[in-house]
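Under UniProt numbering, think of the first position of the sequence shown as 1, with each following residue one higher. C-beta: ideal position from N, C-alpha, C; glycine also. Just so you know, these numbers come straight off a predicted model, no measurement behind them.
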Amino acid sequence: MTARSKEDLWHLESGIDVSHSGNQASIAFNVARVSWPKIVSTVIENLNVALSSVEQDTQIRAEGDAIFDELQQLRSEIDRSSTIPPLLGDGGNDIEGYNMELETLRPVSWHNSPWMYTECYLFRRLQTCFARRKSEFWQEYDIWAEQKLANTKMSGKVIFELVEWFLALRSRFIDPKNGTSPLLADHRIAIEDLLQISLWGNTADLLSLLAISPEELQSRQGFQARKHLKNNLVVDDTDQVVNLLEQVRAETHRDREIHIVVDNAGFELISDLVLVAYLLCGNFTDKIVLHGKKFPWYVSDATQNDFDTVLSSLSSPGAVFTDHGRLGESSSLPTFYSLIRSYLCSNPPRLTFTADPFWTTAHPFARLPTFAHNLYKSLQDADLVIFKGDLNYRKLIAGGRWPADTPFEVAIGPLKDMNLRILTLRTCKGDTCVGLRKGQVEEIDPAGKGEWTRNGQFGVISFFDGKPKEA
Ligand SMILES: O=P(O)(O)OC[C@H]1O[C@](O)(CO)[C@@H](O)[C@@H]1O
């Protein structure tokens, strides 16, 4: 990585401004002063709950108390906007990268630093507090596990509605034996719906909604909400995606693979699994690789444990969706589970879940070849890589504050020439959204308030094909 000078602090390799917590015009200004302290406080509260059931005078208790002290220290650093210190080693190979970058940015403080770097640092720092302990109990501890499970439980009704819808769709469009479908037009409609379901499933990440009522959550996730939100797609490359999928579907003579860099656990992950199931049973690909996070990240991002929890909620809904009356007795969720399980257990597996450490670094994705060569190769081999959610989008465009009419392929910078096919399904929760027509922003936001890129109400389906065209 090339060193960056202090003058470049607000700039990236591309020379464009990045979202910055010292800039009042950036969403990062408030996030740093309001959301980050709230996140750390929630972790402290959750830890207190965990400690209340740990016996006194045990190693786990002593380590828990030490974690508590470190979290208090972190909270006070953020409140006082102290200089950000290097991360302490916890055995992870990514620590060096974090500290190297910090060195090039120095001196930076919590309220005056590039948003993407510092927010990722915050979550990595939280992880070090747990991972540096000797006991496996804390090393493996997921401080947000309860919240993630509660979110899945609250979403029972919409999960059920979604799975029933999928099963009906599958029986209508796809012959499970040979994956045939009567008409291309049918797939178009289905894929359009599936992309949108997976996209809007991202609206309710737990970080933006640390406290949300079940009613509010369901109103954001239900079918009616999605129908309304369809008009809020500001970039929609669905047609190109459907064309690509149809093309790949015909290429049965070779091994075909699609990768999905997933985002949140719970409802969003199930909305992704519905898309996965359709692509696999419709024979659009031979295999799908899901990329999750290696440790708890951005509150609700999916880890291997969360993936397993989602599978158990499908296989035994009665044990999870206790507040939903007869829903727990329905056979739809177990039927869907059996389908997913058949893909996970086939030989070779048609579906896998993996968690590369690169996804929990602060690196923009254009640094993939430098910091995660094998992962980069595997993404190049894929027919399509789908990136879910806001943070992944920000990493695709390197956190830059690009003008909205910047073409997506320009904003992704060096990724353009990396032989990747990129699809991003993102609800807008940041400073920037690219790929819009000239004049479109004025139509969306006549008063020029700028909220549309931040409030999660608008979304994009942006596609870029970086693979060389066959002659
Ligand atoms: O789960 P997602 O879609 O990546 O969202 C995480 C997002 O949370 C925030 O940090 C706060 O809303 C966003 O700005 C960030 O990108």
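Option in the options with minimal Cα separation from residue i
i: LYS157; options: ASN347, SER330, ARG421; result: SER330
i: GLN139; options: GLY91, LEU314, THR104, TRP110; result: GLY91
i: LEU199; options: LEU233, ALA190, PHE173; result: LEU233
i: PHE321; options: LEU47, SER26, ILE27, MET154; result: MET154
i: ILE270; options: PHE160, ARG394, PHE464; result: PHE160
i: PRO468; options: LEU425, ASP381, ALA404, SER462; result: ASP381
i: VAL242; options: GLY459, LEU195, PHE267, ARG170; result: LEU195
i: ASP186; options: PHE464, GLU246, TRP144, ARG106; result: GLU246
i: LEU244; options: ILE191, GLN147, ARG170; result: ILE191
i: residue 488; options: ARG394, GLN440, PRO317, PRO403; result: With the chain running from 1 to 471 in the structure shown, residue 488 is simply not present.
i: LEU339; options: LEU275, GLY97, SER81, LYS230; result: LEU275
i: SER346; options: LYS377, ASP286, LEU391, ASP383; result: ASP286
Inter-residue CB distance, residue i and residue j (contact presumed, cutoff 8 Å)
i: VAL18; j: MET116; result: 7 Å
i: ILE284; j: VAL248; result: Before going further, note that residue 284 is Phe rather than Ile in the sequence given. Confirmed, about 6 Å.
i: LEU425; j: LYS388; result: 6 Å
i: PHE336; j: VAL163; result: 5 Å
i: VAL40; j: LEU74; result: 6 Å
i: SER332; j: LEU169; result: Not confirmed; about 12 Å, so no contact.
i: LEU384; j: ASP405; result: Incorrect: roughly 26 Å between the Cβ atoms, too far for contact.
Cβ shell of residue i (< 7 Å), same chain only, five flanking positions each side left out
i: VAL289; result: GLU257, HIS259, THR352, THR354
i: ILE397; result: ALA411, ILE412, THR432, VAL434
i: LEU375; result: ASP356, PHE358, LEU368
i: LYS293; result: ASP301, ALA302, THR303, ALA355, TRP359, THR360
i: ARG132; result: LEU88, ASP90
i: PRO414; result: ALA366
i: ALA28; result: SER19, HIS20, SER21, TRP115
i: ARG394; result: MET116, GLY430
Residue i beta carbon near ligand 1 (any heavy atom closer than 7 Å)
i: SER312; result: no
i: LYS429; result: yes
i: LEU74; result: no
i: ASN202; result: yes
i: VAL31; result: yes
i: ASP390; result: yes
i: SER462; result: no
i: ASP306; result: no
i: TYR298; result: yes
i: GLU451; result: no
Same chain, Cβ closer than 6 Å to residue i, neighbours up to 5 away in sequence not counted
i: LEU344; result: LEU351
i: SER26; result: SER19, HIS20, ASP431
i: CYS428; result: THR453, PHE458
i: PHE463; result: ASP237, GLN240, VAL241, LEU423
i: TRP144; result: PRO296, VAL299
i: ILE444; result: TRP452
i: LEU207; result: With a pLDDT of 48 at LEU207, under the threshold of 50, the modelled position of that residue is not reliable, and no figure is offered here.
i: residue 475; result: Any answer about residue 475 is impossible in this case: the structure gives the chain only from 1 up to 471.
i: PRO114; result: VAL18, HIS20
Residues near residue i in its chain [Cβ-Cβ closer than 8 Å; skip 5 each side]
i: TRP36; result: ILE78, TRP110, GLU119, LEU122
i: PHE307; result: ALA265, LEU269, LEU290, GLY292, PHE353
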